[in-house]
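Here is the structure we will look at.
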Amino acid sequence: MNLVHLAEAGDVDAVLRELAALTPDERAAQAEALEVRRATLRAGWFHDVPEERKAAQLAAEFGCRTDPAAAADWILRPENDRHAVRLPLDGVWVLDVVNLHPVAWRAELAAQLADRLTPGQGLRSDLVEHLVLDTGCPVPTTDGFIDNWLRWRDSTWTHPAHLRGGPRPGATFLERLRADDLTPLLLPLVLERPGVHLGAGSFHHMLARRGLAYILEDTRLGVFISLSREGKEDLVDRAALVRRVFADLAAAGWGRDAAVALTQLALTPAEHASTARERVALAEPLVAQLLQDGTRDETAPPLAYLRALALTPAENAPALRDHVALLDLSMPVAAYAQEVLLGLDEAGLLEPDVLTEVCERVLLRPEKKLVRAQLTRLDRAARKDPARAARTVLDAATALDHREVDLQERALDVIARHIEAAGDSVLPELRTAAARINPALAGRAAELLGTAPDRLTDQYADTLPAVPEPRPVPGPVETAVEVAEELAAAVANPKDVVTFERVLDGLVRHAHLDRAALAKALKPVMRKEPRDAVDVTQADVYDVARALRGDEPRQRHFASRYRSGHSSPAGELLRARLAEAIDIIEADAQPFLLAVPTDATGALDAAELVQRISVLDGLGITPAPVDLAQALLRVTPTADEKVLNAAGKLGSDAGQRLAQWLREGGLPHQDFAPEDDADSGKHPSELVKHIHPEPASGPPLLPAAESLVGPHENNGLYDPMVPFWLAQLPHHRELVLARDYFRYRVSMRGWAHALPFAAESGGPAGFALHTAVASTLAYDQQGERDAAVDALLVLAGRGRLDTGLLGRRLADMLRANWVEANRVTASLRTAAESGAYATIWSVLETALPPLLRDPVVRGTGALLALGIDCASRCAAKGEIPEVTTAAARTGSSQVAKNARLLRDVLG
296 MNLVHLAEAG
306 DVDAVLRELA
316 ALTPDERAAQ
326 AEALEVRRAT
336 LRAGWFHDVP
346 EERKAAQLAA
356 EFGCRTDPAA
366 AADWILRPEN
376 DRHAVRLPLD
386 GVWVLDVVNL
396 HPVAWRAELA
406 AQLADRLTPG
416 QGLRSDLVEH
426 LVLDTGCPVP
436 TTDGFIDNWL
446 RWRDSTWTHP
456 AHLRGGPRPG
466 ATFLERLRAD
476 DLTPLLLPLV
486 LERPGVHLGA
496 GSFHHMLARR
506 GLAYILEDTR
516 LGVFISLSRE
526 GKEDLVDRAA
536 LVRRVFADLA
546 AAGWGRDAAV
556 ALTQLALTPA
566 EHASTARERV
576 ALAEPLVAQL
586 LQDGTRDETA
596 PPLAYLRALA
606 LTPAENAPAL
616 RDHVALLDLS
626 MPVAAYAQEV
636 LLGLDEAGLL
646 EPDVLTEVCE
656 RVLLRPEKKL
666 VRAQLTRLDR
676 AARKDPARAA
686 RTVLDAATAL
696 DHREVDLQER
706 ALDVIARHIE
716 AAGDSVLPEL
726 RTAAARINPA
736 LAGRAAELLG
746 TAPDRLTDQY
756 ADTLPAVPEP
766 RPVPGPVETA
776 VEVAEELAAA
786 VANPKDVVTF
796 ERVLDGLVRH
806 AHLDRAALAK
816 ALKPVMRKEP
826 RDAVDVTQAD
836 VYDVARALRG
846 DEPRQRHFAS
856 RYRSGHSSPA
866 GELLRARLAE
876 AIDIIEADAQ
886 PFLLAVPTDA
896 TGALDAAELV
906 QRISVLDGLG
916 ITPAPVDLAQ
926 ALLRVTPTAD
936 EKVLNAAGKL
946 GSDAGQRLAQ
956 WLREGGLPHQ
966 DFAPEDDADS
976 GKHPSELVKH
986 IHPEPASGPP
996 LLPAAESLVG
1006 PHENNGLYDP
1016 MVPFWLAQLP
1026 HHRELVLARD
1036 YFRYRVSMRG
1046 WAHALPFAAE
1056 SGGPAGFALH
1066 TAVASTLAYD
1076 QQGERDAAVD
1086 ALLVLAGRGR
1096 LDTGLLGRRL
1106 ADMLRANWVE
1116 ANRVTASLRT
1126 AAESGAYATI
1136 WSVLETALPP
1146 LLRDPVVRGT
1156 GALLALGIDC
1166 ASRCAAKGEI
1176 PEVTTAAART
1186 GSSQVAKNAR
1196 LLRDVLG
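First residue of the sequence shown: 296, per our numbering; consecutive thereafter.
Here it is in structure tokens:
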């Protein structure tokens, strides 16, 4: 039986016996037939061929390679599992085939395999090692063999029991290398072989996940570093290791991993000096990368790398201007540049005019850490060299214009320490700079500089946004072409209330006048469909136009979307309005809509609604119920007897409903504040979501409108609040905001952009609205915080801001750690600097006392600093006991220092 048949039978032993009985030429003659059979097996080789048949086929093929070079080529073919640790039937047959050949042939096979092994490719150095021990031939020293040898020692793979050699026992890579017989010969060669991977891949990740010991004991570079620390010069030439690391860094970089590697390599002073050229060359592209700035995650790797390279001041000097430019970038980048430039100054390599430029760039940055570091350097330099005093005080004076009063005070401290040594020549410039200082420090500055303190002589008044005039909604859309244009605008911007309302009314009006002409005019704009959304949005008016034209509904038609807890009550009312509009158009039941607002907030003038219902009464038309319900929710309450009498004379049911609605004052307002302080400290969502469970009082409404004002179980809305939610209830913003829109769900993101619209709406501004503003002042997105500031200023300008309530809400949230004090401070400062110092002081006047009670809330020091600024500018007076108590505490904490300043301002 020939080898092909034996392989087909999967009889490995029979294959081996047949190979032993054949001459080398007879084996070689069957190689082609075996290759042909192998080709038929390739498709299912790894999954469908049983292990015995694989082993028999492979043994037969290998046995037919009678030349050592051909045998080595065959072993390293990818399809012969060169990458597998375990071969079919453990690969015992490989050794049986090899042993059919004489010692010289086996030694030559070892040499051929070693020559063909490629670093990172194949795992057959285990066979080479066995052949070396078996034949006594020289240990190969090729890159491929050395790399394969390291891979076997680095792993915990089980060495084939039938092969000699292999890793020695050891819990770590380092222990296994120490015990290995081949280590003295092969390990020293690694550092001179660039082809043998050394690398620091994933060092940063491994340091965080597995610790430093893992890096030093279970990675290639780590074990070289460890052995060099142990002084094993026979195994690791320290100079060669340093050369190799920098050569690899120049070739591959390693990014953040390089910082870990260099830190652990721990260059000696001599090594640091000898690698100056290499370190400077590595640093140049990193500085260039930093000049592009980026996010913290993007800049962290080059920053860590640069710090690990540890360039000396002399090495950094050629890149002086680059580092000065870095001072204007993100905080981590600017901090690194400051470190470098301060080092240059300490080394005497920074010209005075450059130091002044550095101070101008740093001392007005918002990051206190950078400002403090710069002032500290100026102070130390002047103490060490009094000749620098004049330049020091003038440079420090830049910080007198900083927005933070504690940093102004620190700058004033530096000036005070060195003004005597500086001499009188600096006084004019210092007095000019001090003119911008916070009023709380003006007295001290005047005493120090020999001037009279400025006194506030004019009565302070906030510069708040002007109360806007009513924004009337334009009249009906006049032509079909204009309806199409407005529809395109509504689809593109679904947040525009006025455009949507005019489009919906325009579709009803012009379908009544000439549906065919309107359908034709709409055709060009129907190609652009609305963006997909979970909740119903104003862009879904597109579906009304589509129905009007007789087009097939789109896949995400508003009526086909799944109704769930993720749908808002506002979205459900809008869904009902859109569906009803389609019915009106199909039945030509109504020539226009009642609910179109007369004001951009969504409000509807009572006299206008009376007039509209009167027109429908004259035509004998009963208004569509959802349209009427929305109109009633929008109508502005009035005490005008003329309007009330006109409504009372309407004879239709709709007219009588309107008359009753107006006489009763419309939808009653509710108070959403907690009944007592027991809820203090709860998350905002736990406070504002409790709408009274009983049905809404007042005249009955349709289910869609009823859900808008009644109890609603919110499981976390998917889409955020938008202006039309408020425009549906333009006189009841508290009711809209008294939903669970603060929950930690997707709906939290983006909803705050509707807050300015809420501030412009009507109705009481109570607990829910102030809680919404307070919560949003601390959101993580700047745009949302800006929206809260805008809402705060609009409320203040309209006289609807309850500063005491807002202060209490902020204090409750800060004490409960629901919001971050630094964000609150930044938002309130933005509002104050817009011209609302007195308003923000009124908020802080309420918020500070509970924040200063033990334990003092973290971040209160910065709020005190803002309070100093606000109280000084608006000339506020009157003791706050908690501030006085905090001021009496010993120590130099920010809270104590700022409390003293505020106490003095208020005194």
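For every residue, glycine included, the Cβ atom is placed at its ideal position computed from N, Cα and C.
Within the same chain, Thr478, Pro479, Leu482, Pro483 and Leu522 come within 8 Å of Leu530 by CB-CB distance, once the 5 residues on both sides are set aside. The continuous alpha helix (DSSP H) containing Met626 extends over residues Met626 to Glu641. A Cβ-Cβ separation of about 6 Å places His454 in contact with Asp421 under the 8 Å criterion. In this structure, Leu1100 lies away from Leu1087, with their beta-carbon atoms at least 8 Å apart. With respect to the 8 Å criterion, Leu736 and Val700 are classified as neighbours on the basis of their beta carbons. The bridge partners DSSP lists for Thr413 are Gln416. The three-state reading of DSSP puts Asp701 in helix, counting H, G and I together. The Cβ-Cβ distance between His807 and Val778 does not fall below 8 Å. In the displayed model, Val930 falls within a strand according to three-state DSSP. Nearest to Gly1154 by C-alpha distance, out of Ser1188, Lys1172, Pro920 and Gly1173, is Ser1188. Rounded to the nearest angstrom, the Cβ distance from Ala1142 to Ala1106 is 4 Å, consistent with a contact under 8 Å. Burial check for Asn611: the Cβ neighbour count within 10 Å reaches 16 or more, so the residue is buried. For Ala942, the enclosing alpha helix (DSSP H) stretches over residues Glu936 to Gly943.
The region 1023–1032 makes no contact with the region 948–959, as fewer than three CB pairs between them are under 8 Å. The DSSP assignment places complete alpha helix (DSSP H) segments of no fewer than 4 residues inside the region 490–533 at 498–504, 507–513 and 515–524, in order along the chain.
With fewer than 16 other beta carbons inside 10 angstroms of its own, Arg958 counts as exposed. Distance from the CA atom of Lys679 to the CA atom of Val657, rounded to whole angstroms, is 22 Å. Non-local C-beta neighbours of Val427 in its own chain, meaning closer than 8 Å and more than five positions away in sequence, comprise Ala405, Pro433, Val434, Pro435 and Gly460, ordered along the chain. DSSP places Pro825 outside both helix and strand once states are collapsed to three, so it counts as coil. Note that the region 898–910 touches the region 932–950; at least 3 beta-carbon pairs, one per stretch, sit closer than 8 Å. Contact fails between the region 883–896 and the region 832–849, because fewer than three Cβ pairs, one in each stretch, are under 8 Å apart.
Note on geometry: alpha-carbon atoms of Gly496 and Leu1158 lie some 45 Å from one another. In the structure shown, Asp543 adopts helical secondary structure according to DSSP, grouped into three states. About 5 Å separates the Cβ atoms of Phe357 and Val392, confirming a contact at the 8 Å cut-off. The beta carbon of Phe1052 sits closer than 6 Å to those of Pro1018 and Leu1021, all from its chain and outside the five residues before and after it, given in chain order.
Taking C-beta separations shorter than 6 Å and ignoring five residues to either side along the sequence, the partners of Gln559 in its chain run Ile520, following chain order.
DSSP places Lys1172 in no alpha helix (DSSP H); its state is neither H nor E. Under a 10 Å Cβ-count criterion, Arg870 is classified as buried, with 16 or more other Cβ atoms of the shown protein chains found around its own Cβ.
The beta carbons of Ala676 and Arg683 sit closer together than 8 Å.
Looking at the DSSP output, Asp894 bridges to Pro767. Beta-bridge partners assigned by DSSP to Leu899: Val930. Around Glu1174, the same chain offers Arg1198, Leu1201 and Gly1202 as residues with beta carbons nearer than 8 Å, after the five sequence neighbours per side are excluded. Membership of Gln955 in the alpha helix (DSSP H) is indicated by the continuous run Asp948 to Arg958.
The alpha carbon of Leu911 has as its nearest neighbour, out of Ala632, Gly494, Arg419 and Pro886, the alpha carbon of Pro886.
Assignment of Ala747 by DSSP, reduced to helix, strand and coil, places it in the coil class.
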